[in-house]
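Let me begin by presenting the structure, written as structure tokens, before commenting on it.
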Amino acid sequence: MSPSDEESRLIRAAQSGDISAFATLVQRHHAGVRACLAVRLANSHDAEDLAQEAFVTAFRKLADCDPNRPIGPWLRGIAMNLLANHRRKFRALPIGLNEELQALIDNGLPSHLPAERENAALEALRDCLDQIEGPSRLLLQARYAEGMSLDELAQRLQRKTSAVSMQLHRLRVVIGDCVEATLRGTPPATTPS
116 MSPSDEESRL IRAAQSGDIS AFATLVQRHH AGVRACLAVR LANSHDAEDL AQEAFVTAFR
176 KLADCDPNRP IGPWLRGIAM NLLANHRRKF RALPIGLNEE LQALIDNGLP SHLPAERENA
236 ALEALRDCLD QIEGPSRLLL QARYAEGMSL DELAQRLQRK TSAVSMQLHR LRVVIGDCVE
296 ATLRGTPPAT TPS
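For the sequence shown, the working numbering gives the first residue as 116, with consecutive numbering after it.
This is how it looks when you write it as structure tokens:
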């Protein structure tokens with residue numbers, strides 16, 4: 116029996132519920148899947164975790180695997196999808212552009228607020244965000260809730276990245292002013308829609 120025939124037999128057996136057949140497939144392909152991830156990650160523990168997760172996912176989706184084709188590329192495809200999700204989940208979120216970062220450096224980071232003041236600030240922020248509607252709300256949601264990059268937003272909106280960045284900057288200023296006014300007990304200025 117050729118190696119490809121043997122693998123097809125193991126895939127079919129695993130699809131029929133034979134755990135030992137799946138275990139044999141894992142033993143044969145674990146090193147390759149892990150290596151595929153390890154060369155793309157700085158942390159070897161993450162590579163091992165994602166490799167294990169790839170095999171768990173493969174076991175759940177075993178019915179989707181074509182037994183007449185090699186299983187290695189299918190397993191590596193699952194691993195690459197998990198890697199993409201991992202990178203999205205753990206990517207660093209930029210503060211903004213250089214000017215905003217410089218302003219934080221120049222002014223220093225604010226000292227830690229007392230718990231009640233921090234809670235009031237969070238409540239004021241929620242209230243101010245609730246006042247924003249229309250395209251501005253959608254822009255804020257895409258950037259901060261969905262984590263879209265400035266380039267992705269610019270492409271989606273068919274605008275220049277600098278224009279999108281400026282609009283976000285203006286929204287942050289308006290929201291910041293609204294929060295400060297709310298905390299002082301004065302009526303906030305109208306927010307853009």
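Idealized CB from N, CA, C, for every residue including glycine.
CA-to-CA distance, V148 to R203, given in whole angstroms: Reading the sequence shown from its first residue, position 88 is the one you call residue 203. Reading the sequence shown from its first residue, position 33 is the one you call residue 148. Those two C-alpha atoms are separated by around 20 angstroms.
DSSP-derived helix/strand/coil call for C151: For this step, residue 151 is matched to residue 36 along the sequence shown. In the structure shown, C151 sits in a helix (DSSP, three-state: H, G or I).
Reduced DSSP secondary structure (H/G/I, E/B, other) of L265: Translated into positions along the sequence shown, residue 265 becomes position 150. If DSSP states are grouped into helix, strand and coil, L265 belongs with the helices.
Proximity to D161 [Cα-Cα], best of I290, L197 and Q142: Position 46 of the sequence shown, counting from 1, holds the residue named residue 161. Looking at the Cα atoms, L197 is the closest of the given residues.
Stretch pair the stretch 232-249 + the stretch 290-303: three plus CB contacts closer than 8 angstroms: yes
D179 versus I126, T301, M281 and E163, residue with shortest Cα-Cα distance: Here the question's residue 179 lines up with position 64 in the sequence shown. It is I126 whose Cα lies nearest to the Cα of D179.
Distance between beta carbons of A194 and A157, contact taken as under 8 angstroms: Mapped onto the sequence shown, residue 157 falls at position 42. Mapped onto the sequence shown, residue 194 falls at position 79. About 16 angstroms separates the beta carbon of A157 from that of A194, a gap too long to meet the 8 angstroms contact definition.
Backbone secondary structure at L224 - three-state DSSP: Position 109 of the sequence shown holds residue 224. Note that L224 has pLDDT 44, beneath the 50 cutoff, so the model's placement of it is unreliable and the number below is only indicative. Note: L224 maps to coil in three-state DSSP.
Within 9 angstroms, strictly: CB atoms of L272 and L283: Locating residue 272 in the sequence shown gives position 157, counting from the first residue. Locating residue 283 in the sequence shown gives position 168, counting from the first residue. Contact: no.
Same chain, Cβ closer than 6 angstroms to A128, five either side skipped, listed in chain order: Stepping through the sequence shown from its first residue, residue 128 is reached at position 13. The residues are A136.
CB contact flag (A173, L152, <9 angstroms): Locating residue 173 in the sequence shown gives position 58, where the first residue counts as 1. Locating residue 152 in the sequence shown gives position 37, where the first residue counts as 1. No. Outside cutoff.
Exposure of L286, with buried meaning 16 or more beta-carbon neighbours within 10 Å: Indexing the sequence shown from 1 puts residue 286 at position 171. L286 comes out buried.
Length at least 4, wholly inside the stretch 237-305: the alpha helix (DSSP H) runs in chain order: 249-255, 265-272 and 276-299
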